[in-house]
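Reading through the structure tokens given below for one structure.
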């Protein structure tokens, strides 16, 4: 059900809408990825790095105090405990290994919250690759700690000063770089979006999240969960959490988008709920656009979700009804952020807080439908130390100028 066709289409979504100069590079990447899928040596090396370097499988944690407040049994998939602090490390290790196999020596990447940039810089250092990270100027300011981490790991960080100076613009600049340096460079895209084969390739590299969670919940409870919840920006952590459960039609899949100040205000990043079909960064998908089809700026308190589009597989899962996508506002996410800190002693990424807030929201309806408290897996996609500046300002723990 979840495989794209040979040209990378999930239903009417996906495909390739890129300059002619990139077609050969995408064909090369597709061929290398397909060969790696069936190459025992590649899979053994990828598995070894995930186990010995990234620290996976990540645990499935029974959050009893949060569950008591929620009225449900909530299990947290602790991707925040991976090396580099997020699910992102799974994808970058896979793509960095592919880069070496293709004989290329340079990685470029874009990042919003910085987690993907840190993970890419880490993989580049590990595998002795040159690394350049594009990051919107606004995001370099709200994620200054991660900028320092990338530089410490040997990466060059280039602030993007055009457009809204956020993730969308960082992706644009990465694509421009790739067009002119494609012979030696691999663009290590950080989410399950962009032109084929990125959406399916990224999904497969992060699919271990759901595969592990499915086995762990069966061992822990003897049954599959009632629901799996994840936050949605481009959608890599969510598609990784969902993929193993897609055939299990009794398991509800929920993706929670960044609702910002509220859909009705226009200041949000909910491309499925508040957007329409169009083309963004090389793929047909849902995106935020004006009446002339021009991409408009998004807004979220979370830099990692501040993106006006979504991966094409999510667009397809939405249209087929297999997954449900709802917006969560900044205020709802920050309330969930605070609740998890207080009940479990875990500081989550603000991205992940959207998933926690969404899970709390669906509990009453699921309880009424099932006649019992539901069992819900929430993908805790990243840790929140990178977000302490934003959270500290939001909760009034210090002044904005003191946070920089």
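Residue numbers (the UniProt record's numbering): 1 to 404. Glycine included, every Cβ here is placed at the ideal spot set by N, Cα and C.
Taking 8 Å as the cut-off, decide whether the C-beta atoms of residue 167 and residue 139 are in contact.
-> yes
Straight-line Cα distance separating residue 135 from residue 182 = The straight-line gap from Cα to Cα measures roughly 20 Å.
What are the residues that DSSP puts in a beta bridge with residue 135?
-> 111 and 159
Could you tell me the distance, in whole angstroms, from the CA atom of residue 369 to the CA atom of residue 376?
-> 14 Å
For residue 389, the nearest candidate out of 313, 55, 141 and 88 (CA to CA) = Here the closest residue by C-alpha is 141.
Beta-carbon proximity list for residue 329, same chain, < 6 Å, skipping 5 on both sides | Excluding residues within five positions, the ones whose Cβ falls inside 6 Å are 259 and 262.
Count the other C-beta atoms from every protein chain shown that fall within 10 angstroms of the C-beta of residue 334, then say buried if there are 16 or more, exposed otherwise.
-> buried
What does a CB cutoff of less than 6 Å around residue 96 pick up in its chain, not counting 5 residues either side in sequence?
-> 123 and 127
Starting from residue 149, follow the alpha helix (DSSP H) in both directions and report where the run begins and ends.
-> Per DSSP, residue 149 belongs to the alpha helix (DSSP H) from 144 to 152.
Check whether the region 300 to 318 touches the region 193 to 201, taking contact to mean three or more Cβ pairs, one atom from each stretch, closer than 8 Å.
-> Judged by pairs of C-beta atoms under 8 Å, the region 300 to 318 touches the region 193 to 201, as three or more such pairs exist.
Cβ neighbours of residue 137 in the same chain (closer than 7 Å, five flanking residues each side left out) | 159, 160, 161 and 165
Roughly how many whole angstroms lie between the Cα atoms of residue 153 and residue 395?
-> 31 Å
Whole beta strand (DSSP E) elements within the region 182 to 213, 3-residue minimum | 185 to 187
Looking at C-alpha atoms only, which residue of 70, 44 and 46 is the closest neighbour of residue 344?
-> Nearest option by C-alpha distance: 70.
Beta-bridge pairing of residue 256 - partner residues as DSSP gives them | 231 and 326
Helix, strand or coil: how does DSSP classify residue 82 here?
-> Note: residue 82 maps to coil in three-state DSSP.
Residue 198, buried or exposed, once every other Cβ within 10 Å from all chains shown has been counted against 16 | By the 10 Å Cβ count, residue 198 comes out buried.
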